[in-house]
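Take a look at the structure set out below.
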Amino acid sequence: KQIMNGKADPLSSTFHLGYNMLLNLIRVEDADPEFIIRNSLYAYQQEQALPELEKQCTELKEKLEDSKMDPEMEAKFVQYHGMVLQFERIRSKIRHLVVHPNNALGFM
1 KQIMNGKADP LSSTFHLGYN MLLNLIRVED ADPEFIIRNS LYAYQQEQAL PELEKQCTEL
61 KEKLEDSKMD PEMEAKFVQY HGMVLQFERI RSKIRHLVVH PNNALGFM
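Here it is as structure tokens:
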């Protein structure tokens, strides 16, 4: 019942023209490998998907333009990142001093 009334599975072509296929096509005088590629189901499916992909590309470019921050805020982020790196370096030095044997022996 599902086979008769259900949705059909999408047909996706995985046709790829291989090296041996090209050699065989070159042997035949009337064969045109470019014609075969252009008229394959895979090429057709890719062409059909192109408008949707272009639309997505345009939308993503618009989102990127909208998400750009002003230079002042970017400078603040760079400064903040530098401070975080400096904090990590200082914390690492403190940790090294705390666990140094000369400093830790008194607490053992």
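Quick note: the sequence shown uses our numbering, first residue 1, plus one each step.
Glycine is no exception: its CB is placed at the ideal position from the N, C-alpha and C atoms.
**Message:** With a threshold of 6 Å on Cβ separation, who are the neighbours of methionine 4 within its own chain once the five nearest residues in sequence on each side are excluded?
**Reply:** In its own chain, leaving out the 5 sequence neighbours on each side, no residue places its CB closer than 6 Å to the CB of methionine 4.
**Message:** Between the alpha carbons of leucine 64 and cysteine 57, how many angstroms are there, rounded?
**Reply:** Those two C-alpha atoms are separated by around 10 Å.
**CB contact flag (leucine 25, alanine 31, <7 Å)** = Yes; because the gap between Cβ atoms is below 7 Å, this pair is in contact.
**Message:** If I measure Cβ to Cβ from glutamate 88 and keep anything under 6 Å in the same chain, skipping five residues before and after, which residues do I get?
**Reply:** Sequence-distant Cβ neighbours of glutamate 88 in its own chain, meaning closer than 6 Å and more than five residues away, do not exist here.
**Asked** So the alpha helix (DSSP H) asparagine 24 belongs to, where does it begin and stop?
**Response** Per DSSP, the unbroken alpha helix (DSSP H) holding asparagine 24 starts and ends at 19 to 27.
**Item:** Alpha-carbon to alpha-carbon, valine 84 and arginine 95
**Value:** Going from the Cα of arginine 95 to the Cα of valine 84 covers about 16 Å.
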